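**Q** In our numbering, the protein residues as written are 5 to 61.
Have a look at this one before I ask anything.
Here is the structure:
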């Protein structure tokens, strides 16, 4: 995945969380982001960002 490669290259610490098999977690992410696209980033300050460098998937 491009995001993982870029963030690792920038030495950014992140947790990758898969929601595929957890409907409850899927709902939580959709509620937080108001979207059903990925990636969704939740920053340490609580800010929610959908997409990466202008792209969503």
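Backbone N, C-alpha and C define an ideal beta-carbon position, used for all residues, glycine too.
Quantities reported herein were computed from a predicted structural model and do not represent experimental measurements.
Expressed to the nearest angstrom, what Euclidean distance is found between the alpha-carbon atoms of residue 15 and residue 21?
**A** Taking the first residue of the chain shown as position 1, residue 15 is located at position 11. Taking the first residue of the chain shown as position 1, residue 21 is located at position 17. Using only the alpha carbons, I get a separation of about 18 Å.
**Q** Alpha carbon to alpha carbon, how far is residue 41 from residue 11? Give it in angstroms, no decimals.
**A** For the purposes of this step, residue 11 is taken as the residue at position 7 of the chain shown. For the purposes of this step, residue 41 is taken as the residue at position 37 of the chain shown. One C-alpha to the other measures close to 19 Å.
**Q** How big is the Cα-Cα spacing for residue 8 and residue 27?
**A** Looking up residue 8 in the chain shown gives position 4. Looking up residue 27 in the chain shown gives position 23. Distance between the alpha carbons of residue 8 and residue 27 is about 23 Å.
**Q** What are the start and end residues of the beta strand (DSSP E) that includes residue 54?
**A** What you label residue 54 is simply residue 50 of the chain shown in a count that begins at 1. Start and end: 52-54.
**Q** Pull up the distance between the alpha-carbon of residue 46 and that of residue 30, whole angstroms please.
**A** For the purposes of this step, residue 46 is taken as the residue at position 42 of the chain shown. For the purposes of this step, residue 30 is taken as the residue at position 26 of the chain shown. Going from the Cα of residue 46 to the Cα of residue 30 covers about 14 Å.
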